[in-house]
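Chemist: One structure follows; several queries about it will come next.
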Amino acid sequence: MIIVLMLTGGEALEDYAERRAKRELTALLEHKPMKARVLRGKKRVDVKASLVEVGDKIVVLPGEVVPVDGEIIDGVSSIDESSITGESLPVEKTKGETVLSGSLNMDGTLTLRAINDAAHSQYQQIIKLVQTASNSQAPFVRLADQYSIPFTIVAFMIAGAAWFVSGDPVRFLEVIVVATPCPLLLGAPIALISGMSRSARHGIIVKTGSALEKLAQVQTVAFDKTGTLTIGQPAVDNVKTYGKTTKAYALSVASALETGSSHVLAQAVVTAATRAKAPAKKAKLVKEQSGHGVSGKIDGKTALLGRADYLAAQGVKLPQKLASKQTTSYLAVGGTLIAAISFTDEIRTGSKPMLSRLQQLGIRNTLMVTGDNQPTAQVIGKKLGISQVIANCLPGDKIRAVEAVQQRPVAFVGDGVNDAPVLTAADVGIALGARGSTAASESADVVVMLDDITKVSTSVAVAKRTFFIAKQSILIGIFISIGLMAVFSTGRFKASTGALLQEVVDIVVIVNALRAHGPFRGRDTIS
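Residue numbers (numbering that gives the first Met the number 0): 0 to 526.
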């Protein structure tokens, strides 16, 4: 009865922690689009997003969040879908294409025809996925629970046998006195709390002891790409030049055209030119065509930088096979194509060391599950040595990808609003909380508070060591207790001696469990 009561106390504390974790739904609801600008005749009327009906015409200005899923009927703009799909680079959208609720309109005014009401739009679907995932997780058997019933049965069997053989009921009590439940009640909890404390010293918040136990047993780690393995900002990946053009000249011209532009790709071009120490040039009569490209005069010649169709419309002859399937801007001077500038999402400096460390810890199955396009995702996956890359995923697709993993338990690492459902659905959700969304942090079991991806492997290392020490503490205590039960079943020692020895067992278990709070030694040292 004592064992049962004390173990249920731990369960009550974890239930409290789980109730607090429900706050991620509140965070998602607070950030959902609340208003929409609907066209009523020729007038723009602000209404609640929940009142928008399918077929309504909606105007979305630059810098605004799309309130409901819609089809563009007028306008061209760059759309930031990173919070919904995980696509790291802005997507150029034009007439006839679909934009999702929760995505950000960057630089052009759009008129949309609503294709879903607010309740059935993409952002609301993310909220529903979080609710569904949180209610469908498989039960987890904690370490102490695995040993509690067998230990209790063995204790009563030895005590009962001693009573039966001796015929003395006092013998039963003498055995039970040394049948201390403390290896179960103290060994695992103290080790787990120590491990959670050790994690916190590394900037890692583990919300529950069961989360630490599951993390220690993880066989597969799946990652989001944008903002997780990468920094979430585009960078110039390659400059392919044509003719006698040099890379430095191409970057000089492109940088001159993009200087002063707020477009995210423009900033990447300027940064690349600066890093390459390309000679500075000045552009005149610069004109930007939203969603297409930019033009200007450089050294007396007309320079064009933008999409392939933008240059083609200006009479620039393009090669039949374009330079790359990645996001690419084409550069022409004097009507002649001189370069193709490809962009990628820049990899975090710690991503590769982190993945190598996971392999050292025995985790060899890694996945990248992203909303980004397949070519971009494959480039990143190949550079990092990811086992499997799954691209073009919406939040629901990410959940299905994680559920399909055979090598379990599986941990998912992410940082965005679109990752909240899969963080909840995974056996262990790990959120990068330094720059990530509140919804992601609230949905996760583990939150990395520092802007350091290597803390993911650190969290696994701490969890594995903690789990080993917890299990070791339990087994040490159990074996000592069983030995004492066997000795006391002979009747050679009094119950008072048993009570004293029980305290010795408790101290041994506690001291060993506290090792989980200490620094790693030898092969276990965390880098």
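Yeah, the Cβ is synthetic: ideal placement off N, Cα and C, and Gly gets one too.
Everything numeric in this text was worked out from a predicted model, so none of it was measured.
Would you list the one or two residues that DSSP bridges to residue 446?
Modeler: As a first step, residue 446 must be located in the sequence shown, where it is residue number 447. 204 and 430.
Chemist: Does residue 319 pass the burial test, meaning 16 or more other C-beta atoms within 10 Å, or should it be called exposed?
Modeler: As a first step, residue 319 is located in the sequence shown; it is residue number 320 there, counting from the start. Exposed is the call here.
Chemist: Span of the beta strand (DSSP E) holding residue 288?
Modeler: Position 289 of the sequence shown, counting from 1, holds the residue named residue 288. Unbroken beta strand (DSSP E) run through residue 288: 283-288.
Chemist: Using DSSP with H/G/I as helix, E/B as strand and the rest coil, what is residue 118?
Modeler: Working through the sequence shown from its first residue, we reach residue 118 at position 119. Three-state DSSP puts residue 118 in a helix.
Chemist: Pairing CB atoms from the region 381-391 with CB atoms from the region 347-357, are three or more of them under 8 angstroms?
Modeler: Verdict: yes, contact present.
Chemist: If residue 70 and residue 111 are in contact, beta carbons under 8 angstroms, what's the gap, nearest whole angstrom?
Modeler: Taking the sequence shown and counting its residues from 1, the one referred to as residue 70 is at position 71. Taking the sequence shown and counting its residues from 1, the one referred to as residue 111 is at position 112. Contact flag correct, Cβ pair sits at about 6 angstroms.
Chemist: How long is the line joining the alpha carbons of residue 413 and residue 388, rounded to whole angstroms?
Modeler: As a position in the sequence shown, residue 413 is number 414, starting the count at 1. As a position in the sequence shown, residue 388 is number 389, starting the count at 1. Distance between the alpha carbons of residue 413 and residue 388: 15 angstroms.
Chemist: If you follow the alpha helix (DSSP H) that residue 46 is part of, which residue opens it and which one closes it?
Modeler: In the sequence shown, residue 46 corresponds to position 47, counting from 1. Element bounds for residue 46: not the alpha helix (DSSP H) but the beta strand (DSSP E), 42-47.
Chemist: Consult DSSP for residue 304 and reduce its assignment to one of helix, strand or coil.
Modeler: Numbered from 1 along the sequence shown, position 305 holds the residue referred to as residue 304. Three-state DSSP puts residue 304 in a strand.
Chemist: Spatial neighbours of residue 162 within its chain, please: C-beta separation below 7 angstroms, excluding the five flanking residues on both sides.
Modeler: Looking up residue 162 in the sequence shown gives position 163. So the qualifying residues of the chain are 168, 170 and 171.
Chemist: Please state whether the Cβ-Cβ distance between residue 113 and residue 53 is less than 8 angstroms.
Modeler: What you label residue 113 is simply residue 114 of the sequence shown in a count that begins at 1. What you label residue 53 is simply residue 54 of the sequence shown in a count that begins at 1. It is a contact, given that the beta carbons lie within the stated cut-off.
Chemist: With distances taken from CA atoms, which of 225, 296 and 376 is nearest residue 257?
Modeler: The residue given as residue 257 occupies position 258 in the sequence shown. It is 296.
Chemist: For the 8 angstroms Cβ check, are there 3 or more pairs between the region 268-276 and the region 218-229?
Modeler: With the cut-off at 8 angstroms, the region 268-276 and the region 218-229 do not touch.
Chemist: Quick check on DSSP: helix, strand or coil for residue 63?
Modeler: Along the sequence shown, one-based indexing puts residue 63 at 64. Of the three classes helix, strand and coil, the one that applies to residue 63 here is coil, per DSSP.
Chemist: Sort 234, 326 and 447 by Cα distance to residue 345 and report the nearest one.
Modeler: Mapped onto the sequence shown, residue 345 falls at position 346. Of the candidates 234, 326 and 447, the one whose C-alpha sits nearest the C-alpha of residue 345 is 234.
Chemist: Suppose you measure from the CA of residue 465 to the CA of residue 102; what does that come to, to the nearest Å?
Modeler: Working through the sequence shown from its first residue, we reach residue 465 at position 466. Working through the sequence shown from its first residue, we reach residue 102 at position 103. Using only the alpha carbons, I get a separation of about 41 angstroms.
Chemist: Expressed to the nearest angstrom, what Euclidean distance is found between the alpha-carbon atoms of residue 334 and residue 311?
Modeler: Working through the sequence shown from its first residue, we reach residue 334 at position 335. Working through the sequence shown from its first residue, we reach residue 311 at position 312. Between residue 334 and residue 311, the C-alpha separation is close to 10 angstroms.
Chemist: Quick one, are the C-beta atoms of residue 327 and residue 339 less than 8 angstroms apart?
Modeler: Taking the first residue of the sequence shown as 1, we reach residue 327 at position 328. Taking the first residue of the sequence shown as 1, we reach residue 339 at position 340. In this structure, residue 339 lies closer than 8 angstroms to residue 327 by Cβ.
Chemist: Within 10 Å of its beta-carbon, does residue 452 have 16 or more other beta-carbons around it, so buried, or fewer, so exposed?
Modeler: For the purposes of this step, residue 452 is taken as the residue at position 453 of the sequence shown. By the neighbour-count rule (16 or more Cβ atoms within 10 Å), residue 452 is buried.
Chemist: Would you kindly work out how many angstroms separate the C-alpha atoms of residue 232 and residue 263, rounded to a whole number?
Modeler: As a working mapping, residue 232 is identified with position 233 in the sequence shown. As a working mapping, residue 263 is identified with position 264 in the sequence shown. Approximately 8 angstroms, taken between the alpha carbons.
Chemist: Give me, in chain order, the residues of the same chain whose beta-carbon lies closer than 6 angstroms to that of residue 154; leave out the 5 immediate sequence neighbours on both sides.
Modeler: For this step, residue 154 is matched to residue 155 along the sequence shown. The answer, listed in chain order, is 178.
Chemist: The alpha helix (DSSP H) with residue 395 in it runs from where to where?
Modeler: Mapped onto the sequence shown, residue 395 falls at position 396. Its alpha helix (DSSP H) spans residues 394-402.
Chemist: Can you tell me the Cα-Cα spacing of residue 462 and residue 368, whole angstroms?
Modeler: Numbered from its first residue, the sequence shown carries residue 462 at position 463. Numbered from its first residue, the sequence shown carries residue 368 at position 369. Between residue 462 and residue 368, the C-alpha separation is close to 24 angstroms.
Chemist: How is residue 105 classed by DSSP in three states: helix, strand or coil?
Modeler: For the purposes of this step, residue 105 is identified with residue 106 of the sequence shown, where counting begins at 1. In the structure shown, residue 105 sits in coil (DSSP, three-state: anything other than H, G, I, E or B).
Chemist: Taking residue 223 as the reference, which of 152, 78 and 439 has the closest Cα?
Modeler: Here residue 223 refers to the residue found at position 224 of the sequence shown. Comparing Cα-Cα distances from residue 223 to each of 152, 78 and 439, the minimum goes to 439.
Chemist: Can you give me the start and stop residues for the beta strand (DSSP E) that residue 75 sits inside?
Modeler: Here residue 75 corresponds to residue number 76 of the sequence shown, with the count starting at 1. No beta strand (DSSP E) holds residue 75; DSSP gives it neither H nor E.
Chemist: Could you compute how far the alpha carbon of residue 98 sits from the alpha carbon of residue 214?
Modeler: Position 99 of the sequence shown, counting from 1, holds the residue named residue 98. Position 215 of the sequence shown, counting from 1, holds the residue named residue 214. Approximately 37 angstroms between the Cα atoms of the pair.
Chemist: Hey, out of 203, 176, 187 and 149, whose CA is closest to residue 457's CA?
Modeler: Sequence index remark: in the sequence shown, residue 457 carries index 458 (1-based). Looking at the Cα atoms, 203 is the closest of the given residues.
Chemist: Need the endpoints of the alpha helix (DSSP H) that residue 248 sits in, please.
Modeler: Your numbering for residue 248 matches position 249 in the sequence shown. 246-257 is the span of the alpha helix (DSSP H), which, as asked, contains residue 248.
Chemist: Cβ of residue 289 within 8 angstroms of Cβ of residue 75?
Modeler: In the sequence shown, residue 289 corresponds to position 290, counting from 1. In the sequence shown, residue 75 corresponds to position 76, counting from 1. Yes. Within cutoff.
Chemist: What number of angstroms, rounded off, separates the C-alpha of residue 174 from the C-alpha of residue 488?
Modeler: Numbered from its first residue, the sequence shown carries residue 174 at position 175. Numbered from its first residue, the sequence shown carries residue 488 at position 489. About 6 angstroms.
Chemist: If you measure between the beta carbons of residue 427 and residue 403, is that distance less than 8 angstroms?
Modeler: As a working note, residue 427 is residue 428 in the sequence shown. As a working note, residue 403 is residue 404 in the sequence shown. Their beta carbons are not under 8 angstroms apart, which means residue 427 does not touch residue 403 by this criterion.
Chemist: In three-state DSSP terms, what is residue 488?
Modeler: Numbered from 1 along the sequence shown, position 489 holds the residue referred to as residue 488. If DSSP states are grouped into helix, strand and coil, residue 488 belongs with coil.
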